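Participant:
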Amino acid sequence: MSSLLSTDSQGVPLGQRKQYKIVEINDAGNAPSGSRRAQSPTRRISNEVKTSQYTWWSFVVVFLYLTFQKTANLYFLLVGIFQIIPSVSPTDGVPLQFTPLAIIIVIDAIFAGYEDYKRHMADDLTISAKTRVFNRQLREFEEVEWRELKVGDIVVANHEILAADIMILAVIPAEGSRSGGNMGLCYVETKNLDGETNHKLREAPQPTRNMFTNEHEAGKLRNTSYMYGLVANTGTDSKIMMSSGDEFPVKVSSIDEMTNKQGNFATYMICTVVMVVAIGFFIIGSPRYVHIPSKDRTISTLRHLLKQSARTSRNGTIVVTGALLLLFPLVLNIASAFSADAEV
Numbered sequence: 001m002s003s004l005l006s007t008d009s010q011g012v013p014l015g016q017r018k019q020y021k022i023v024e025i026n027d028a029g030n031a032p033s034g035s036r037r038a039q040s041p042t043r044r045i046s047n048e049v050k051t052s053q054y055t056w057w058s059f060v061v062v063f064l065y066l067t068f069q070k071t072a073n074l075y076f077l078l079v080g081i082f083q084i085i086p087s088v089s090p091t092d093g094v095p096l097q098f099t100p101l102a103i104i105i106v107i108d109a110i111f112a113g114y115e116d117y118k119r120h121m122a123d124d125l126t127i128s129a130k131t132r133v134f135n136r137q138l139r140e141f142e143e144v145e146w147r148e149l150k151v152g153d154i155v156v157a158n159h160e161i162l163a164a165d166i167m168i169l170a171v172i173p174a175e176g177s178r179s180g181g182n183m184g185l186c187y188v189e190t191k192n193l194d195g196e197t198n199h200k201l202r203e204a205p206q207p208t209r210n211m212f213t214n215e216h217e218a219g220k221l222r223n224t225s226y227m228y229g230l231v232a233n234t235g236t237d238s239k240i241m242m243s244s245g246d247e248f249p250v251k252v253s254s255i256d257e258m259t260n261k262q263g264n265f266a267t268y269m270i271c272t273v274v275m276v277v278a279i280g281f282f283i284i285g286s287p288r289y290v291h292i293p294s295k296d297r298t299i300s301t302l303r304h305l306l307k308q309s310a311r312t313s314r315n316g317t318i319v320v321t322g323a324l325l326l327l328f329p330l331v332l333n334i335a336s337a338f339s340a341d342a343e344v
């Protein structure tokens, strides 16, 4: 529910001037396409709303883009790419890392597609709902779908969800209603806007309260309170859509955000370790392997991986893909511990 701003701007300091919106009330240019009302080439903002993220033709591209925004997925994708290169691959050029990564991505895609399909169905159900709009030519109210509403339309509502931002023009109360017979007062529920379940009192402007008291249609809704309103904002201009943010909403949970930060930290640490090891071997001028005595029984898994990677490297360049796989979860756990300490 919204109301138009005052048109009195006299005495308002510069920089604090009020904003205005000119609305052509019940103008023929506001008529929806295909209706019985007059047509106009004037471009209007559609009342169709979209809460889904994907379309059938953009699903693959957008989903993969959002999937690899996660550091862990991007990391293992790069590991799989390195496994394809025979000179640095510990798996003889076979990208074994792609198998678990593909399984995870396919499962995520199925769930994401199903959830977005439900959003599409909910959007279609919402914008296909009926409301009554005053037809200037026929001098009566006609039923139209929510998607056909235009700014400036006059609508009548009776205990129903409003299809757009509405300025109350007049209220016809039922007998014994809480408004006490006042033609300008009504109660509005804004639970879908602010989550509050209590009914809020709204009042129509004094000049418009008696505009509809003699309408022919009023007799058909006797003993039932109803309201006449002017459509002020539709579609993406409406209050509920403006508060929802971007047309392409990408919501990231706090857990995903924390995991991405930890993954970035782990990746930076691993790259630093690998670069230091590679530069060290280059400076020392070591041959194409790391000399480790066979009698050393306490050899670590990490040193063994360094040895194998050094033997398969070319031109003295050490690319330790095995060490990457080992260090990532280790550094990730360290980052998680630091994050937990910081939150405490």
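Letter by letter, the sequence shown follows residues 1 to 344 of the UniProt record's numbering. We put the beta carbon where it would ideally sit given N, CA and C, even for glycine. Just so it is clear, the structure is predicted and the values come from calculations on it, not from any experiment.
Determine the extent of the alpha helix (DSSP H) in which residue 113 is found, giving its start and end residues.
Facilitator: 98-127
Participant: Are the region 94-104 and the region 70-86 touching, with three or more C-beta to C-beta distances below 8 Å?
Facilitator: yes
Participant: Between residue 267 and residue 71, which are expected to be in contact by the criterion C-beta below 8 Å, what is the C-beta distance as a whole number of angstroms?
Facilitator: 6 Å
Participant: Go ahead and label residue 271 buried or exposed: buried means 16 or more other beta carbons lie within 10 angstroms of its beta carbon, across all protein chains shown.
Facilitator: Here residue 271 is exposed, its C-beta having fewer than 16 other C-beta atoms within 10 Å.
Participant: Do you know whose CA, among 118, 240, 252 and 255, lies nearest residue 190's CA?
Facilitator: 240
Participant: Tell me the DSSP secondary structure of residue 165 in three-state form.
Facilitator: In the three-state reduction of the DSSP assignment, residue 165 falls in the strand class, which pools E and B.
Participant: On the DSSP letters alone, give me the boundaries of the alpha helix (DSSP H) that residue 239 sits inside.
Facilitator: 239-243
Participant: Pairs of beta-carbons, one from the region 250-259 and one from the region 228-239, closer than 8 Å: are there three or more?
Facilitator: no
Participant: Please confirm if the region 156-164 is in contact with the region 122-131, defined as three or more CB-CB distances below 8 Å between the two stretches.
Facilitator: The answer is yes - the region 122-131 touches the region 156-164, with three or more Cβ pairs under 8 Å.
Participant: Determine the DSSP secondary structure at residue 356, reduced to helix, strand or coil.
Facilitator: Here the chain covers residues 1 to 344 and nothing more, so residue 356 does not appear.
Participant: Which first and last residues belong to the alpha helix (DSSP H) in which residue 185 is found?
Facilitator: Taken as a continuous stretch (DSSP letters only), residue 185 belongs to no alpha helix (DSSP H), being part of the beta strand (DSSP E) at 185-189.
Participant: What residues match up with residue 132 in a beta bridge as DSSP calls it?
Facilitator: 143 and 156
Participant: I'd like to know if residue 226 contacts chain D, where contact means its C-beta is closer than 9 Å to some C-beta of that chain.
Facilitator: Here there is only one protein chain, and chain D is not present.
Participant: According to DSSP, simplified to helix, strand and coil, what is residue 172?
Facilitator: strand
Participant: Do the region 104-113 and the region 135-144 meet, that is, are 3 or more Cβ pairs less than 8 Å apart?
Facilitator: no
Participant: Tell me whether residue 266 sits in a helix, a strand or coil according to DSSP, three-state version.
Facilitator: helix
Participant: Checking 9 Å against the spacing of the C-beta atoms, do residue 254 and residue 49 come in under that value?
Facilitator: no
Participant: For residue 235, name the three-state secondary structure that DSSP assigns.
Facilitator: The answer is helix: DSSP assigns residue 235 an H, G or I state.
Participant: Counting only the same chain and skipping the five closest in sequence on each side, list residues whose C-beta sits under 8 Å from that of residue 54.
Facilitator: 62, 63, 112, 113 and 116
Participant: Which same chain residues, not among the five before or five after residue 186, have their C-beta less than 6 Å away from its C-beta?
Facilitator: 171, 202 and 227
Participant: Between the C-alpha atoms of residue 262 and residue 242, what's the straight-line distance to the nearest angstrom?
Facilitator: 33 Å
Participant: According to DSSP, is residue 149 part of a helix, a strand, or is it coil?
Facilitator: Residue 149 falls in the coil class under three-state DSSP.
Participant: Could you tell me the distance, in whole angstroms, from the CA atom of residue 93 to the CA atom of residue 122?
Facilitator: 47 Å
Participant: If you draw a straight line from the C-alpha of residue 56 to the C-alpha of residue 22, how long is it?
Facilitator: 38 Å
Participant: What does the alpha-carbon distance come out to for the pair residue 430 and residue 46?
Facilitator: Since the displayed the chain opens at 1 and closes at 344, residue 430 lies outside it and no answer follows.
Participant: Count the other CB atoms, across all protein chains shown, that sit within 10 Å of the CB of residue 102; report buried if there are 16 or more and exposed otherwise.
Facilitator: Residue 102 is exposed by the Cβ-count criterion.
Participant: Can you find the residues in the same chain that come closer than 6 Å, C-beta to C-beta, to residue 149, ignoring five residues on each side of it along the sequence?
Facilitator: 47, 163, 164, 231 and 234
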